[in-house]
Amino acid sequence: MGARAAAQSIDQGAELLRVDDISLSFGGVKALTDVSFDVLRGEVRAIIGPNGAGKSSMLNVINGFYHPQQGEVWFAGSQRRNPKPHNIAHQGIARTFQNIALFNGMSTLDNIMTGRFTHMKQNMLMQAFWRGPAEREEVQNREKVEEIIDFLEIQAIRKTPVGRLPYGLQKRVELGRALAAEPILLLLDEPMAGMNVEEKEDMSRFILDVKDEFGTTITLIEHDMGVVMDISDRVVVLDYGRKIGDGTPDEVRNDQAVIDAYLGVAHD
Amino acid sequence: MKKLKATLLAIAVGGAGVLMSAPATADLVFPSLSYRTGPYAVNGIPYADGYADYMTLVNERDGGVGGVKARILECETGYNTQKGVECYESTKGEGALVYHPLSTGITYQLIPKATADGIPIHSMGYGRTSAANGTVFSHIFNYPANYWNGASHAVNHILSENDGDIKGKKIALVYHNSAYGKEPIRTLEELSAKHGYDLTLIPVDHPGQEQKSQWLQIRRERPDYVVMWGWGVMNQVAIQEAANIRFPMENFIGVWWSGSENDVIPAGAKANGYKALTFHQVGTEYAVFEDLKKYVVDAGKAAGNGDQVGTVLYNRGLYAGFLTVEAVKKAQEIHGTADITSEMMRDGMEALEITSDIMASAGMSAFGPEFNVSCDNHGGPGLGAVQQWDANAGTWKLISEFEPSDMDVISALITEDSDAFAGENNIEARKCG
Amino acid sequence: MSPQFLYTIEVMLNGLMAGVMYSLVALGFVLIFKASGIFNYAQGVMALFAAMTLVGIQNGQVPFAHLVNAVFGTNIHGFGWNLPALFAIILTLGVMILFAILVERLILKHLVNQEPIILFMATIGLAFFMEGFGDLMWGSDIKVLDVGIPSGGSLWLEDKTIGWAAEGSNYYGMYIDKLDIVATLVALLLVITLTLFSQYTKTGRALRAVADDHQAALSVGISLRRIWVIVWAISGFVALVAGIMWGAKSGVQFSLSLIALKALPVLILGGFTSIPGAIIGGLIIGVGEKLFEFTIGPLIGGATENWFAYVLALLFLVFRPQGLFGEKIIERV
Amino acid sequence: MFYRQAGDFKTTYRGDIQTFPLRQDRIAYYLMLAFAFLVVPFVINDYWASAVLIPFLILAIASLGLNILTGYCGLVSLGTGGFMAVGAYACYKLMTAFPDLNMMIVVLLAGFITAAVGLLFGIPSLRIKGFYLAVATLAAQFFLVWLFNKVPWFYNYSASGQINAPERTMLGFEVTGANAEPAVSYLFCLTILTVLALIARNLTRGRIGRSWMAIRDMDIAAEIIGVNPLKTKLSAFAVSSFYIGVAGALFFSVYLGAVEVGEVFGINQSFLILFMIIIGGLGSIFGSFAGAAFMVLMPVLLKNIMVGGLGWPTDIAAHIEFMVVGGLIVIFLIVEPHGLAQLWRVAKEKLLLWPFPH
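Chains as they are written, first to last, in the numbering used here: chain W, 87 to 354; chain S, 1286 to 1718; chain A, 836 to 1168; chain U, 16 to 373.
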């Protein structure tokens, strides 16, 4: 049974992902030290912390960009052994980036279609013929993508090259691309950075809708405390690469260590 | 689809081009596939000038050949095979009588095409050597000498300097690492078996601006003679490097494409004594040059800059023009018409006889060897001479007569190679005689 | 010492010298790439053009003589003067500066902020143009370049070393071309000058600032356009030096523009952005290809130098994708 | 006014993803196809077929191939000439070893052999990027040319190392050799080009094409959505080399008839094809055609005007030709950096609105 199917069979509220004692360093600089936490199926899990706390590094460990020197990552009940990022994608983990990483040479539609990559199977010969299976597959996936386009309300920019879109819409297209993969676990790296209040509200709504409508488990990094406290079920707090808090938003908000290390320091 | 939009455009655009080209008239048409640009322009310019000037001379002085004016159709190839094809296709429809492809690569391409179109090719001192076999290559001529003759000339010259015994001598061949450069290898190997010299092969990759390794090798192994099949910048660098390692220049012999003023001048005085093969005379001590000055240069009708008159490659172009005109005369004589076709031209070339009288009447007395072409021998007798560079006077001088090459060895090689070509291409050898 | 050992030393020394000649060409690439991120395909043609201009000025050739003669039916060829080499070099430099200004005005100005591939393509167009322009201006015949650089093997060295080999071993002493020694000195001088220039002059510091960070340099008021003119002019100067050195060897002719191909592997080896890289890359390539040709070459038919340099560079890149001294390519997520 | 989108609604996704969504475009496309296949062969003369159209068709195949690699997958290659040589020599060996083999099969097999060689030289692309990769592919260029020049087996031990295309037929018609009708050779090349262009279009509009473009635009993000960079890059190398190999085989067998490797498939050829795709438009099928047409036709046109029309000396004309081609490249880049394809797209958009610009 593939990891994706295994993950799919996990019950709501059961453990989907667990990281154990993760330590990661770059040439002597410690980015993460003995971090452990879990993500339950169907929840919104936030990772917060000041700049340089190791949040992005944590996401990069989860989706295979970095391989920690020490510690274990368990996904859907089995331990992972230094997989490549593209293998991770096939296991059902998708993500967005802090600095938008769209395919600038392609249209919105193509960007999101590319997100369907793991769901398309026709080989090169079939693609070359096009008529028949390849075209059918393209149309089926196109239908899925149109659903996402409708969901994100970006019908009007379907054929616009993404390079020409404003920042907020680009973020939305990137979310669309990640959603197109129908991920079981969705990693969002600062999905609301640089947005105005209205755009943030929109984005929060989309995130909650994703969780409710698709049942997707979400792990996100976000700076805006208000948003984090509103939309997440549980929160991990990192500081200088160490975990200093873990719990529901209320628990974290009242945790003295967190207040000292973090809330008192940065307000952005 | 989109391609066709482009194609359509092409046709519209090109149509304009075709309309602009000159209409064909009743002339003797001689395409000149010259290269006045690109890496070999240095050599292409004088040759093209010489060829064109001879035709101009014939028109101005004699009113054409047999009363019909000669027309040069110059087409720039830049020594590039693709452009060569374009030039061939664009000129053949104008009644072209004979092609001088001026590049081994273009010659190879044109051999089947021109044969099918019934247009003769004269690759004078280059091209496919085994085309000398007229029974297989009906339309290809490479008189008066080819590369394998050249290799033999070089060895003969070395033999003559050593009283006919070169057993155990070391000869190095420095060659352009291409089809052209590899031509003499077989012959030199055969001759080495016959005469007992050691042959070292030293390839130089195109373009040949850096030859340190090659000349260090020569310096270390101290061959008695170095033979060179070079082209373009490779010649100049090789001669310079040979001078630098103080290799005795008189033991350094280049083929006729490595023996022009261009090749030796950059090395200055150090190139003094360098030798090269040739199949025609050098210098301007011939009556034809007075005519050229009178009818062409002073009349402002010279091709190009008009500053190449008398250089080795200019003389070669001139000689090519001379041989072509003589073949036309022969063809006119055979077929009894002044306005000949390319097939008649072929007959004329096949029956060509160059005697001392003919050369004298063209003002080119003893400019080249005397020779005959025949149905089965399109290469002539393969006579050649050796010229030597005098750096002080800045002139080349012939230091030998036009002498024969070792046809026993070469004929066998020609038969072998042309038979292979005939076999590969299902060509039935013609019956001659 | 055995002759074999001495030969190897000789090959290596000559390889080093050949490497310097490659570096001379590579330097021009590096300068432009560093300051503007442009991979200047026209560098080889610039060397040819500079050398042609030098010879043309020195020998008093009339520019565009052939064209003028063809159009107006005149018959002009030369001014009939013969200028001293140094004077001609200075005039040529002026031409190269003019060239840099024109390149900036006519091409670069209009292509600011384009992708590197577009700029690369523009330099290809430039190379085409210059090929035609240079030939039209100065003619495509071979020209002898004589600015008084000595050439030929160093007899002194031969005499000194002839005794090193064992008695009766038929050793002729070590061979080094004087031209190569001059080239080495010139290259050394060039690098020192460039280093001093970039360390101690205001313009040089501005150049370095631009190389480090375009945006930041712009924000402190450095004019990018002026920098481009300067860097192209310096590259033109380097091209002139390379043109002189290579032209002294082979005469000035079209093939001179092909020396660019010899510089490319040097570039990948040394890194596109490093001046020391260009020098050391050149040395490695020079020694590497000569040694390979000397040892392995005879076994596989010789003439390996063209591809060996590239294969060496390729193998090297697999282990160090940014070249020897290139800036590390940092992949950020 | 005549070129309209209005009233041409798409009711299915299938209708929306076809190559020419506009009916007028579709009709124009079929008309041109019919013209190229049914009219052109019967009206062209030898010169147009052998000297202009055949090289254009063959080089268009090569530029399609390079465009897949460089335009779609973002890997700049300067080894095109070397890969064309692989196709040519594979073709020659197959032609002489199996004289009865159908020419179409020979050409396709030559393509597959080139694809295999391309795969091999594509491996370093995983680590080497940008201009470093471009220069590294020159290693393939120089090495392959050297190899074909050096190893006599490749040219059947002929005296000079040239290879000559023997006469071979296709459906009873000669397509190679001197006696081949230019119109037949033209149709042969046109057929191959048409099929390969359709395949290129199909590959680039689907999953594989999107994975290539994803790698080109942002390889890290591509990996995150499941694109395996090595497999994707190698597939681009293989497909691209297949096209280039086919082009090389045709270039040798149908167009030139005889080849000397260093001269025909040297570095100049590599650069020529690269110019084509950049001028035509990177990442555009149409651009591959437009670029090939430009680079093949422009010099011919200029030459015809200057030498044929104005009667200038050939050398001056050739120099000016260089200057004009170079100048045009620069001007095109300044006017429209994304090539003729983009120029064409913009023109069409304008036409859609004409004569009511708002």
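Just so it is clear, CB atoms sit at the ideal spot from N, CA and C, and this is done for glycine as well.
Limits of the unbroken alpha helix (DSSP H) element including residue i
i: Thr1366/S; result: Thr1366 to Lys1377
i: Thr302/W; result: Careful: Thr302/W lies outside any alpha helix (DSSP H) and carries neither H nor E.
i: Ile133/W; result: Taken as a continuous stretch (DSSP letters only), Ile133/W belongs to no alpha helix (DSSP H), being part of the beta strand (DSSP E) at Val130 to Ile134.
i: Tyr1336/S; result: Ala1326 to Asp1347
i: Ala900/A; result: Ala900 to Phe907
Residue i: contacting residues in chain U (beta-carbon distance under 8 Å)
i: Pro1156/A; result: Arg142, Ile143, Lys144 and Tyr147
Residue i, buried or exposed, once every other Cβ within 10 Å from all chains shown has been counted against 16
i: Gly88/W; result: exposed
i: Cys1717/S; result: exposed
i: Glu376/U; result: The structure shown does not extend to residue 376/U, since chain U is modelled only from 16 through 373, so no value can be given for it.
i: Asp1048/A; result: exposed
i: Gln1496/S; result: buried
i: Ile282/U; result: buried
i: Thr27/U; result: exposed
i: Ala1307/S; result: Low per-residue confidence applies at Ala1307/S: pLDDT is 43, beneath 50, and the placement is therefore not dependable enough to give any value.
i: Trp5/U; result: Summary: the structure shown does not reach residue 5/U, with chain U confined to residues 16 through 373, and so no result is reported for it.
i: Asp354/W; result: Residue confidence for Asp354/W is low, a pLDDT of 42 falling below 50, so the modelled location carries little weight; the figure read from the coordinates is stated next. Asp354/W is exposed by the Cβ-count criterion.
i: Trp916/A; result: exposed
i: Gly307/W; result: Sequence check: residue 307/W is Ile here, not Gly. Buried, because 16 or more other Cβ atoms sit within 10 Å of the Cβ of Ile307/W.
Where residue i sits in the DSSP three-state scheme
i: Ala1307/S; result: Confidence in Ala1307/S is poor, its pLDDT being 43 and thus under 50, which makes the residue's placement too unreliable to answer from.
i: Leu1091/A; result: helix
i: Glu1688/S; result: strand
i: Ile1131/A; result: coil
i: Met1649/S; result: coil
i: Ala103/U; result: helix
i: Lys1354/S; result: coil
i: Cys1360/S; result: strand
Chain S contact residues for residue i, given Cβ-Cβ distances below 7 Å
i: Tyr62/U; result: Glu1374, Ser1375 and Gly1378
Endpoints, beta strand (DSSP E) assigned at residue i
i: Gln156/W; result: Gln156 to Phe161
i: Pro1488/S; result: Asp1483 to Val1489
i: Gly224/U; result: First-last for Gly224/U: Arg222 to Asp232, but that is the alpha helix (DSSP H), not the beta strand (DSSP E).
i: His1424/S; result: Neither: His1424/S is in no beta strand (DSSP E) and is coded neither H nor E.
Beta-carbon neighbours of residue i, restricted to chain A and to distances below 8 Å
i: Pro1397/S; result: Correct list: empty, because the minimum Cβ distance to chain A is about 29 Å.
i: Lys165/U; result: Ile1135, Gly1136 and Ala1138
i: Val150/U; result: Leu1099, Pro1100, Leu1102, Ile1103, Tyr1145 and Ala1148
beta-carbon residue i near the ligand GTP non-hydrogen atom, thresh 6 Å
i: Ser1033/A; result: Ligands are entirely absent from the displayed structure, and the ligand GTP is therefore not among its contents.
Cross-chain neighbours of residue i in chain U, by beta carbon under 7 Å
i: Trp1142/A; result: Ala154, Phe157, Phe158 and Trp161
i: Ala1464/S; result: Ser175, Gly176, Gln177 and Glu275
Cross-chain neighbours of residue i in chain W, by beta carbon under 7 Å
i: Ala242/U; result: The amino acid at residue 242/U is misidentified as Ala; the sequence shows Val. The answer, in chain order, is His172 and Phe203.
Chain S contact residues for residue i, given Cβ-Cβ distances below 8 Å
i: Val210/U; result: Here the premise fails: no neighbours, minimum Cβ distance about 12 Å.
Within chain W, the residues that residue i reaches when beta carbons sit closer than 8 Å
i: Asp232/U; result: Leu188, Phe189, Asn190, Gly191 and Met192
Under 9 Å by beta carbon: chain A residues contacting residue i
i: Glu336/U; result: Gly967
Closer than 9 Å at the beta carbon, the chain S residues around residue i
i: Asp976/A; result: Ala1326, Val1327, Ile1330, Pro1331, Asn1547, Asn1590, Asp1592 and Gln1593
Within-7 Å CB hit, residue i to chain B
i: Pro1488/S; result: In the structure shown, chain B cannot be found, because the protein chains are W, S, A and U.
List in chain order: all unbroken alpha helix (DSSP H) runs of 4+ residues lying wholly within the region 951 to 979 of chain A. 951 to 973
Entirely within the region 1529 to 1615 of chain S and at least 4 residues each: give me those alpha helix (DSSP H) ranges in chain order. 1546 to 1549 and 1572 to 1576
Segments assigned beta strand (DSSP E), at least 3 residues, entirely inside the region 1055 to 1131 of chain A: The DSSP assignment places no complete run of the beta strand (DSSP E) inside the region 1055 to 1131 of chain A (cut-off: 3 residues).
Could you name each continuous alpha helix (DSSP H) segment of 4 residues or more that falls completely within the region 974 to 1044 of chain A, going from the start of the chain to the end? Within the region 974 to 1044 of chain A, the complete alpha helix (DSSP H) segments of 4 residues or longer fall at 990 to 996 and 1013 to 1035, listed in chain order.
Continuous alpha helix (DSSP H) assignments of at least 4 residues falling wholly in the region 907 to 952 of chain A: 920 to 941
Within the region 196 to 231 of chain W, ranges of the alpha helix (DSSP H) (whole runs, at least 4 residues): Counting whole runs of 4 or more residues, the region 196 to 231 of chain W contains the alpha helix (DSSP H) stretches 210 to 215.
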